[in-house]
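Inspection log for the structure reproduced underneath, given as structure tokens.
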Amino acid sequence: MTGSIWAIVPAAGRGTRFGGPLPKQYLQAGGQPLMAYTLAALAAHPALAGIMVAIAPGDADWPGWTAVQSKPVLTCLGGATRAASVLAGLLALPESVRADDFVLVHDAARPNLALADLDRLLEIGRGDPVGAILAAPVRDTLKRAGDDGGIDGTEPRERLWRALTPQLFRRHQLIRGLTEASAAGVDVTDEAMAMERMGLRPLLVEGAEDNFKVTTPADLARFAFELASRDCGPGTRDPESAHPQWPVSASAFSGPEEI
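Residue 251 in my numbering sits at position 239 of the sequence shown, and the numbers go up by one each step.
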């Protein structure tokens, strides 16, 4: 596959659940900001043409990257919500991106994406008229809580999945879905939800459980452990690693400020 897919990375949030002075996407792991791993994971796929990062107005932490692994990195101003940032990214894509082209959307603080998962998502999703998302089957027992904190019942888990990213949809359909949700006052929490509101049914593509989003200090520690456990020594990588783009090198990034 030649480079034909653009990815949108919404990175305008402050990560208030995490706490601390920095937005979570700029927190360090293995000597690099989380978002460096996120962008490198996307850019490692040959189908990727470029990345649009939606950043907050006045974002002083953005390193100013203009390319990663020779793939262009563009920026636009994001919005107050994830959906608004994704919509801004969709509208800011280069003119060469057509209305019916597929686009990826991936969380800025989800740095542990495996190349094999991305490859499978693109292969399956581009064969569907709507698109697809990475997801993981729910394996834990789910309890429904009452107002008093007691258990009201047990929910069947057989057909439940946890939505992950990336998510893959056609540009014009996702613009329509996000625009209609915003007009209706609905705060969609992922792109698939916007598509569902239009009566569309994206496919679920099973992804690795370790493609987690960093939302707490424990998540950050987990990712740092992942980095350390896959590192076979200075400048080397485990040949069996699902993440051949690691370690992330500053030389892979272009822009006014190196990582």
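Quick reminder that beta carbons are idealized off the backbone N, C-alpha and C, glycines included.
Alpha helix (DSSP H) segments (min. 4 residues) lying fully within the stretch 117-157:
You should have 127-137.
Are the stretch 120-139 and the stretch 172-181 touching, with three or more C-beta to C-beta distances below 8 Å?
By the Cβ criterion, the stretch 120-139 is in contact with the stretch 172-181, since at least three pairs of Cβ atoms, one from each stretch, lie closer than 8 Å.
Alpha carbon to alpha carbon, how far is Pro-168 from Trp-77? Give it in angstroms, no decimals.
In the sequence shown, counting from the first residue as 1, residue 77 sits at position 65. In the sequence shown, counting from the first residue as 1, residue 168 sits at position 156. For Trp-77 and Pro-168, the distance between alpha carbons rounds to 45 Å.
From Arg-214 to Ala-144, what distance separates their C-alpha atoms?
To locate residue 214, count along the sequence shown from 1; it is residue 202. To locate residue 144, count along the sequence shown from 1; it is residue 132. Sequence inspection shows Pro at residue 214; the Arg mentioned does not correspond to that position. About 5 Å.
Identity of the residue in Arg-151, Leu-232, Lys-225 nearest Asp-119 by Cα:
Indexing the sequence shown from 1 puts residue 119 at position 107. Of the listed residues, the one whose Cα sits closest to Asp-119 is Lys-225.
Extent of the continuous beta strand (DSSP E) run through Arg-174
Numbered from its first residue, the sequence shown carries residue 174 at position 162. Counting along the chain, the beta strand (DSSP E) containing Arg-174 begins and ends at 173-182.
Would the stretch 36-54 count as touching the stretch 104-112 if we require 3 or more Cβ pairs under 8 Å?
At 8 Å Cβ cutoff, the stretches do not touch.
Return the CA-CA distance between Asp-231 and Trp-18, expressed in angstroms with no decimal places.
Translated into the one-based positions of the sequence shown, residue 231 becomes position 219. Translated into the one-based positions of the sequence shown, residue 18 becomes position 6. So the two alpha carbons sit approximately 27 Å from each other.
Work out the CA separation of Gln-44 and Pro-75 for me, nearest whole Å.
By 1-based counting over the sequence shown, the position of residue 75 is 63. By 1-based counting over the sequence shown, the position of residue 44 is 32. Using only the alpha carbons, I get a separation of about 11 Å.
Rounding to the nearest angstrom, what Cα-Cα distance links Thr-191 and Leu-99 in this structure?
Indexing the sequence shown from 1 puts residue 191 at position 179. Indexing the sequence shown from 1 puts residue 99 at position 87. Rounded to whole angstroms, Thr-191 and Leu-99 show a C-alpha spacing of 8 Å.
Output the boundary residues of the alpha helix (DSSP H) element that contains Gly-101.
Reading the sequence shown from its first residue, position 89 is the one you call residue 101. Segment 94-104, the alpha helix (DSSP H) holding Gly-101.
Would you mind working out which of Ser-241, Ala-24, Trp-173 sits nearest Thr-87, comparing C-alpha positions?
Here residue 87 is taken as the residue at index 75 of the sequence shown, counted from 1. Of all alpha-carbon atoms in Ser-241, Ala-24, Trp-173, the one lying nearest the alpha-carbon of Thr-87 is that of Ala-24.
Which whole-angstrom value describes the C-beta separation of Leu-236 and Gly-42, a residue pair presumed to lie in contact below a C-beta threshold of 8 Å?
The residue given as residue 236 occupies position 224 in the sequence shown. The residue given as residue 42 occupies position 30 in the sequence shown. According to the sequence provided, residue 236 is Ala. The question's Leu does not apply to it. Their Cβ separation, rounded to whole angstroms, is 7 Å, which keeps Ala-236 and Gly-42 in contact under 8 Å.
Helix, strand or coil for Met-64, going by three-state DSSP, please let me know.
Taking the first residue of the sequence shown as position 1, residue 64 is located at position 52. Met-64 carries a strand assignment under DSSP once its states are collapsed to helix, strand and coil.
Within the same chain, show all residues whose beta-carbon is closer than 7 Å to that of Ala-193, passing over the 5 residues directly before and after it, in chain order.
In the sequence shown, counting from the first residue as 1, residue 193 sits at position 181. Around Ala-193: Ala-95, Val-200, Ala-206, Arg-209.
Whose C-alpha, out of Ile-63, Ala-68, Gly-70, is nearest the C-alpha of Leu-116?
By 1-based counting over the sequence shown, the position of residue 116 is 104. Ranked by how close their Cα comes to the Cα of Leu-116, the residues Ile-63, Ala-68, Gly-70 have Ile-63 in first place.
So, with DSSP's three-state summary, where would you put Ala-79?
Residue 79 sits at position 67 when you count from the first residue of the sequence shown. In the structure shown, Ala-79 adopts extended strand secondary structure according to DSSP, grouped into three states.
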